[in-house]
Amino acid sequence: MAIKVLLVEDEDGIRLLLRKIIERNEGFEIVGESDNLADAVSVFTKTKADVVFLDIEIHGTSGLDCAKIIADLDPKTKIIFATAHPEYRSDAFEVYAFDYIMKPFNVERVNHTLDRIKSLTEPEHNDHLDKIIKFEKGLERLLVKGKESMSFVDIKDIILVQRENSNTVIYTKHDSFTTSASLSDIEVKLDEEQFLRSHKSYLINISQIKKIEPYGRWTYIVTFKDIDKDALMTSEKYEDIKKRFL
Numbered sequence: 001m002a003i004k005v006l007l008v009e010d011e012d013g014i015r016l017l018l019r020k021i022i023e024r025n026e027g028f029e030i031v032g033e034s035d036n037l038a039d040a041v042s043v044f045t046k047t048k049a050d051v052v053f054l055d056i057e058i059h060g061t062s063g064l065d066c067a068k069i070i071a072d073l074d075p076k077t078k079i080i081f082a083t084a085h086p087e088y089r090s091d092a093f094e095v096y097a098f099d100y101i102m103k104p105f106n107v108e109r110v111n112h113t114l115d116r117i118k119s120l121t122e123p124e125h126n127d128h129l130d131k132i133i134k135f136e137k138g139l140e141r142l143l144v145k146g147k148e149s150m151s152f153v154d155i156k157d158i159i160l161v162q163r164e165n166s167n168t169v170i171y172t173k174h175d176s177f178t179t180s181a182s183l184s185d186i187e188v189k190l191d192e193e194q195f196l197r198s199h200k201s202y203l204i205n206i207s208q209i210k211k212i213e214p215y216g217r218w219t220y221i222v223t224f225k226d227i228d229k230d231a232l233m234t235s236e237k238y239e240d241i242k243k244r245f246l
């Protein structure tokens with residue numbers, strides 16, 4: 001399946017150049033283009049692009065706000081800032097940008113970024129954690145309030161808690177529970193020795209981690225033992241894990 005790309009750029013010439021570079025790379029498909037930030041969010045919602053090339057300033061408006069909205073809609077979207085403004089680099093990575101490419105473009109630089117994206121979709125050898133992390137606790141339960149229901153979840157069974165659009169979803173091996181409570185509301189009820197806020201949109205059970213691998217220059221992706229789901233982890237939290245267990 002092709003990797004879907006959205007281009008958000010107000011300069012026609014730059015957008016054309018990016019389009020040509022991407023079209024020459026097998027495995028990518030441009031699913032939308034926009035020359036303004038308001039329209040960009042709408043196009044992203046319709047196309048569910050995997051990758052967004054985004055100028056950090058369009059018609060005098062900051063692309064950082066657009067990036068934050070896209071990241072909230074789907075935290076796994078790879079946002080690549082393509083810009084002539086080096087001064088916003090640190091701000092860009094606060095919204096977990098996948099890359100930051102300076103104008104005028106070096107074609108090889110863009111190709112390198114596309115190669116890295118493609119490599120992340122290819123199967124890799126299994127690299128398991130070197131240490132087995134054990135944590136046992138009593139049968140503590142978490143009350144999860146839905147719109148018209150209440151569920152009780154054994155905390156030890158929670159594998160992943162994820163923010164999805166305006167809701168929070170709690171995943172166990174066999175079930176999922178949706179609530180309007182924030183991640184922070186749930187985080188304070190969980191043991192920090194067992195659960196880690198790996199990313200602004202994810203809480204993970206450390207004992208359920210199967211593998212951690214790079215997902216970009218500043219982000220990692222976490223897979224789990226018993227569910228076909230994954231989570232993002234920032235480089236800071238990756239270093240925390242290393243210090244804690246290695």
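Numbering (the UniProt record's numbering), first residue to last: 1 to 246. Backbone N, C-alpha and C define an ideal beta-carbon position, used for all residues, glycine too. Quantities reported herein were computed from a predicted structural model and do not represent experimental measurements.
CB-CB length for residue i against residue j, believed under 8 Å
i: I159; j: D226; result: 6 Å
i: S180; j: N165; result: The Cβ separation is near 11 Å, so there is no contact.
i: T113; j: I80; result: 6 Å
i: I209; j: F195; result: The Cβ separation is near 11 Å, so there is no contact.
i: K78; j: K48; result: Their Cβ separation, rounded to whole angstroms, is 13 Å, which puts K78 and K48 out of contact at 8 Å.
i: D10; j: D35; result: 5 Å
DSSP three-state assignment for residue i, whether helix, strand or coil
i: G63; result: helix
i: G32; result: strand
i: Q194; result: coil
i: R163; result: strand
i: N205; result: strand
i: Y96; result: coil
i: I69; result: helix
i: K210; result: strand
i: T178; result: strand
i: D130; result: Confidence is the limiting factor: at D130 the pLDDT is only 31, short of 50, which leaves the residue's position unreliable and the question unanswerable from this model.
i: V41; result: helix
i: V107; result: helix
Counted within 10 angstroms of its Cβ, other Cβ atoms place residue i as buried (16 or more) or exposed
i: V31; result: buried
i: D12; result: exposed
i: V222; result: buried
i: R217; result: exposed
i: R109; result: exposed
i: residue 291; result: Shown here, the chain extends from 1 to 246; a query on residue 291 therefore has no answer.
Any non-hydrogen atom of the ligand SAH closer than 8 Å to residue i Cβ
i: A2; result: The model depicted lacks the ligand SAH and carries no ligand whatsoever.
| query | For the stretch 221 to 239 against the stretch 188 to 204, are there 3 or more C-beta pairs whose distance is under 8 Å? | reply | Between the stretch 221 to 239 and the stretch 188 to 204, the count of C-beta pairs closer than 8 Å reaches three or more; the two stretches touch.
Whether or not the stretch 61 to 72 and the stretch 38 to 52 are in contact is what I'm after, with contact meaning three or more pairs of Cβ atoms, one per stretch, closer than 8 Å; do they touch?
The stretch 38 to 52 vs the stretch 61 to 72: in contact.
Taking one C-beta from the stretch 13 to 25 and one from the stretch 91 to 109 each time, how about it: are there three or more such pairs within less than 8 Å? yes
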